[in-house]
Ligand SMILES: Cc1ncc(C[n+]2csc(CCOP(=O)(O)OP(=O)(O)O)c2C)c(N)n1
Ligand SMILES: [Mg+2]
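Protein chains in written order, with my numbering: chain A, 1 to 347; chain B, 348 to 664.
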């Protein structure tokens, strides 16, 4: 049976389902069990599974990350939640020096089946300490898996897989995606943590999207469709390991690539995608690759600057026009996603 | 008490002799791994590990020859790891600073100061939740209490009443910097006592004292459920890293060493067990260990180095 759910519900269902199935799964983190329940994603978990398996923690990101490692190597499956990925910076030692290398250094004697859920965001004046993404930092380190689902179906299926996976998985959720509604098959269980997904087919230009940028890319595709341009939107889903075959196949077809990353561009994931494409099918590119991402600055608070900082559908449309040698269209009649509509803040 | 004291001596003698063997061969430059020697702290390693049950778990630092040998009494894989050989504890991937023996309860050792402290708390949480009665003991130096993660971990273990023993081995130095240049307080034990934690202190080099103190800690934890903090002093005989003395460097004096060496843990225990063991029995025991070490050294030297493909193994599970 097909039904529709929000991304928020998808995360919550995956958590509850896995905690029911496997008593070694537990979830913890700052504010996990308060009345707001991490934007609703940990709703009902403490009621159903008790305080031993769902608890709020002291404000100790470093220790609580190492704590997860210790629990994992003794057979538990911890899910550690961070309300903002920015707070994970206090846990980089445990993540990078310890968790990522534990299986390797112990020659496989220990498995670290740990999930770290981190929420990223945008908008409503979050400014520079509540607005990062950092997926390329995590993906840089061998031993970690890094995924960024953009649909409710992936959110549920990939979280289930992440929890069952015997490796540490950084699971990055965009706050704006929480309200996205999508179809899900009642039978949806685990979905692969690897590989891209074509969200929309097209022959003219390939747009690779990361997390929220897929929403922007689909919007751009709808707009360009009216002008007879068919954009293929590819959701990368998984930053590490990154299986580029879908991207390569698409670029071979279209000859044009725009990478809609959701972070700073310099030394970022977009450079990795571009290199893979140059390595595999450089000669098939008709135009140079365009990389989009955050402005090379820190996220400012006030609205016009914040809007400038983040990439969006209009940036994608302009990049497509550049590639297709089209004049800049008048977009004043188009309705673009804006946080005034859904996202009221403060979180 | 006779067999216990003999057993504790065997542990300490093994540690001392294995490290002397390392000193003997280190300059051949075949053991290419930074050695942080345990010499001087044998009573702590042997006393604590001797008091723990074999299924109890321990974690440590880059300075963990002592606890590895005390917990495992094994030297083949130990020396092979020093030589980077395929027969080593981690097939040569880890070296001196990341020893492990999961079967013997040594989870692993880590070279980032303080980094195993929260891991021990998580391991204890898992043990408590599964009700397997295992205790976790984590060893760290006086430098680790400078790190924020120590305080975060202590707080959480006390809050959740987790079965973990924090063992602070205070040699008064972090590399070459003494405690009074690092600590804005006099007594760490006094501070930790303010937490819901059982605190034990000793500067004894008598392994039996450390053993009994650990038993007290285990009993206390059993009784009130709170974690334990053991604050144990010792003197580091050699340089911070490497196999030499460094009294000429100027940051500490040989006189200081002489005071501690008068009550050297290995010599002290040797004298003690000679009250119950004949000289011959003792020599026999020592010879057996010397032979074990000699054989292990040969085993390690003869073992092959790993194939280059090992570099890519076990990145992911
Ligand atoms: C986080 C971190 N900072 C710095 C170092 C470099 N370092 C290695 S050992 C050491 C001193 C640690 O002293 P202590 O904890 O007292 O242990 P000891 O060497 O005395 O056994 C330092 C600063 C490190 N390994 N990790
Ligand atoms: Mg020290």
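Where a beta carbon is used, it is the ideal one built from N, C-alpha and C, also for glycine.
Since the model is a prediction, treat every value here as computed from it, not as a measurement.
Not a single CB atom of chain A sits nearer than 8 Å to the CB of residue 423(B). Note on residue 101(A): 16 or more other CB atoms within 10 angstroms of its CB, so buried under the neighbour-count rule. The beta carbon of residue 610(B) lies closer than 6 Å to those of 552 in the same chain, with the five residues before and after it left out. Checking the 7 Å criterion, the Cβ of residue 293(A) is out of range of every heavy atom belonging to ligand 2.
According to the DSSP assignment, residue 275(A) belongs to the alpha helix (DSSP H) that extends over 269-281.
By the neighbour-count definition (other C-beta atoms within 10 Å, threshold 16), residue 247(A) is a buried residue.
Between residue 500(B) and residue 565(B), the alpha-carbon positions lie close to 19 Å from each other.
Cβ-Cβ separation between residue 123(A) and residue 306(A): approximately 7 Å, consistent with a contact (criterion under 8 Å). Using beta-carbon distances, residue 503(B) counts as an interface residue toward chain A, with a partner under 8 Å. Looking at the backbone, the Cα of residue 518(B) and that of residue 36(A) are separated by about 47 Å. For residue 62(A), the closest Cβ of chain B is nearer than 8 Å. In this structure, residue 231(A) sits near residue 204(A), with a CB-CB distance shorter than 8 Å.
By the Cβ-count criterion, residue 22(A) is exposed, with fewer than 16 other Cβ atoms from all chains shown falling within 10 Å of its own Cβ. Note that the segment 280-297 of chain A does not touch the segment 88-103 of chain A; fewer than 3 beta-carbon pairs, one per stretch, sit closer than 8 Å.
For residue 235(A), there is no enclosing alpha helix (DSSP H); the enclosing beta strand (DSSP E) covers residues 231-235. For a cut-off of 8 Å, the C-beta gap from residue 424(B) to residue 439(B) is around 11 Å, too long to register as a contact. Residue 261(A) is positioned such that its CB atom lies closer than 8 Å to that of residue 293(A). Listed in chain order, the non-local C-beta contacts of residue 523(B) below 7 Å within the same chain comprise 587 and 598, local neighbours out to five positions each way being set aside. In the DSSP assignment, residue 29(A) falls within the unbroken beta strand (DSSP E) covering 25-29. Look at residue 530(B): its C-beta is not under 8 Å from any C-beta on chain A. The set of residues with CB atoms less than 6 Å from any heavy atom of ligand 2 reads, in chain order, 488(B), 489(B), 490(B), 518(B), 520(B) and 521(B).
Residue 71(A) belongs to the set of residues whose beta carbon lies under 8 Å from a beta carbon in chain B.
According to the DSSP assignment, residue 638(B) belongs to the alpha helix (DSSP H) that extends over 626-649. Listed along the chain, the chain B residues whose CB falls inside 8 Å of the CB of residue 243(A) amount to none; the nearest CB is some 14 Å away.
Within chain B, the residues whose beta carbon sits less than 7 Å from that of residue 107(A) are 437, 438, 440 and 661, listed in sequence order. Contact between the segment 215-225 of chain A and the segment 317-327 of chain A is established, with three or more Cβ pairs separated by less than 8 Å.
Taking a C-beta distance under 8 Å as the contact criterion, residue 228(A) and residue 217(A) do not qualify as a contact pair.
Annotation: the segment 154-239 of chain A contains the following complete segments of the alpha helix (DSSP H) (minimum length 4 residues), in chain order: 213-225. Taking the Cα of residue 200(A) as reference, the smallest distance to any Cα among 236(A), 95(A), 321(A) and 192(A) is reached at 236(A).
With fewer than three CB-CB distances shorter than 8 Å, the segment 530-548 of chain B does not count as touching the segment 372-385 of chain B. For residue 525(B), the pairing in a beta bridge is given by DSSP as 520(B). Interface flag for residue 67(A) against chain B is set, since a Cβ pair is found closer than 8 Å. Contacts with chain B at 8 Å (Cβ-Cβ) include residue 52(A).
For the beta strand (DSSP E) assignment, the uninterrupted runs of no fewer than 3 residues enclosed by the segment 350-413 of chain B are, from N- to C-terminal side, 404-408.
Contact between residue 429(B) and residue 443(B) holds: CB atoms are separated by about 6 Å, below the 8 Å threshold. When beta bridges are read from the DSSP output, residue 78(A) appears opposite 26(A).
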